[in-house]
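To start, the structure itself, in structure tokens.
Numbering (our numbering), first residue to last: 1 to 140.
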């Protein structure tokens, strides 16, 4: 009698184990995140101005932080600001700061450069538009 119960228990136990196991093991494809060509260091040289700024540089990092360096005439050390960036649904890159520094807006151009955007989130036009373009110098 004990043998009968042991056999019965074993049969039900094995059947329930088979039901609990998946029929097929699903194949999971983990797609590597493509390298973002937007990250890196960009620079823009400016002609002499009243503010004395000769060069503007920004580094966009993968952890969504950014570092802005303003080089001024007659100074050996740049002014450094730290901020964070995000990309809006319309592709506009927003660089914002926790200090009282105003946010900056960029759009990526076909050649990989970045253009500053005006208050209407449109690239500047004319001579100013040609001046306010950041060229990529280093990949992150």
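Think of the CB as a built atom: it goes at the ideal place given N, C-alpha and C, for glycine as much as any other residue.
Short CB-CB distance (under 9 Å) between residue i and chain C
i, result
"residue 97", "The chain inventory of the structure shown lacks chain C, comprising one protein chain alone."
Under the three-state DSSP convention, the category residue i falls into
i, result
"residue 123", "strand"
"residue 131", "helix"
"residue 76", "coil"
"residue 136", "strand"
"residue 115", "strand"
For residue j and residue i, believed in contact at Cβ under 8 Å, the rounded distance
i, j, result
"residue 117", "residue 107", "6 Å"
"residue 52", "residue 73", "4 Å"
Exposure label - residue i; buried when at least 16 CB within 10 Å
i, result
"residue 42", "buried"
"residue 48", "exposed"
"residue 104", "buried"
"residue 101", "exposed"
"residue 57", "buried"
"residue 66", "buried"
"residue 131", "exposed"
beta-carbon residue i near the ligand SAH non-hydrogen atom, thresh 8 Å
i, result
"residue 86", "Among the components modelled here there is no ligand, and therefore nothing to report on the ligand SAH."
Paired residues, beta bridge with residue i - DSSP
i, result
"residue 57", "43, 69"
"residue 83", "66, 97"
Pairwise C-alpha distance: residue j and residue i
i, j, result
"residue 71", "residue 82", "15 Å"
"residue 92", "residue 122", "10 Å"
"residue 45", "residue 135", "9 Å"
"residue 75", "residue 109", "32 Å"
"residue 63", "residue 84", "9 Å"
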